[in-house]
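Q: Attaching a single structure in structure tokens format; questions to follow.
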């Protein structure tokens, strides 16, 4: 089974430029997450999608960050304009449908991340 | 979701058991304890989870105290490849059963160094 795919793996931009990251979750996974991980810290949730709807975007800096999952499959996270403090690894994760039975482990599957450096 | 407290770092000799503690004194009755680890330059990886009973799988064992206020992740025979940051997370059961996937809130974790 293919894992969560992310691209690009690395990106270097100047401040005030824009950048986009792409994520393709594991096939059939309804829930998709974007996390931001600053060096030395644990990952912080930015946004959570259930199919193509947003479940939680309370931590997303909406003045500069946007994310979409138009067809309920792959997703794009955009930053415009970028700031120095946006330098981080952007992690995408997915989890399968579980239904009301509560079955499954509740496991999230993470990609390897996209490392952004803003100069 | 309840907050967790972990030591920032630990060392372990290769081949010995690594015991990673976690305090979650404000855990509520419907919250599970999850453990993930993150090897350098990779995304976090699920290890194990539990509610109130001890759990074991091919990677690790999870011991949860009777009052559920703390837990210990045990790697029975640590290898150099187990060097990673280990995160203890509590997560609402409700979030899982209502098909919301559930929100993982990561703390700082414990950086485990396995030494030869």
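Chains as they are written, first to last, in this note's numbering: chain A, 1 to 119; chain B, 1001 to 1116.
Virtual Cβ for every residue (Gly too), placed ideally from N, Cα, C.
With a cut-off of 9 Å, does the C-beta of residue 1044 of chain B fall near any C-beta of chain A?
A: Here residue 1044 of chain B is taken as the residue at index 44 of the second chain, counted from 1. By this cut-off, residue 1044 of chain B is an interface position.
Q: Got a sec? Which residues, its chain only, sit under 8 Å from residue 1077 of chain B by beta carbon, not counting five neighbours each side?
A: Taking the second chain and counting its residues from 1, the one referred to as residue 1077 of chain B is at position 77. The answer, listed in chain order, is 1015, 1016, 1017.
Q: Below 9 Å between beta carbons: does that hold for residue 116 of chain A and residue 1044 of chain B?
A: As a position in the first chain, residue 116 of chain A is number 116, starting the count at 1. As a position in the second chain, residue 1044 of chain B is number 44, starting the count at 1. No, the Cβ-Cβ distance between residue 116 of chain A and residue 1044 of chain B is not below 9 Å.
Q: Give the residues of chain A in contact with residue 1091 of chain B, contact being defined as C-beta atoms less than 8 Å apart.
A: Against the second chain, residue 1091 of chain B aligns to sequence position 91. By Cβ distance, chain A contributes 106.
Q: I think residue 94 of chain A touches residue 31 of chain A, with their Cβ atoms under 8 Å apart; what is that distance to the nearest whole Å?
A: Position 94 of the first chain, counted from the start, is the residue given in the question as residue 94 of chain A. Position 31 of the first chain, counted from the start, is the residue given in the question as residue 31 of chain A. Yes, they are in contact, since the Cβ atoms of residue 94 of chain A and residue 31 of chain A sit about 6 Å apart, within 8 Å.
Q: In the DSSP output, what is residue 1092 of chain B paired with across the bridge?
A: The sequence position of residue 1092 of chain B within the second chain is 92, counting from 1. Answer by DSSP bridge pairing, in chain order: B:1031.
Q: Between residue 14 of chain A and chain B, is there a C-beta pair that is closer than 9 Å?
A: Translated into the one-based positions of the first chain, residue 14 of chain A becomes position 14. With 9 Å as the cut-off, residue 14 of chain A does not count as an interface residue toward chain B.
Q: Step through the CB atoms of chain E and report whether any lies within less than 9 Å of the CB of residue 45 of chain A.
A: Reference to chain E is not applicable here, since the protein chains of this structure are A and B.
Q: Between the stretch 36-55 of chain A and the stretch 15-24 of chain A, do at least 3 Cβ pairs fall closer than 8 Å?
A: no
Q: Which partner residues does residue 40 of chain A have in the DSSP bridge list?
A: Translated into the one-based positions of the first chain, residue 40 of chain A becomes position 40. Paired residues: none, contrary to the question.
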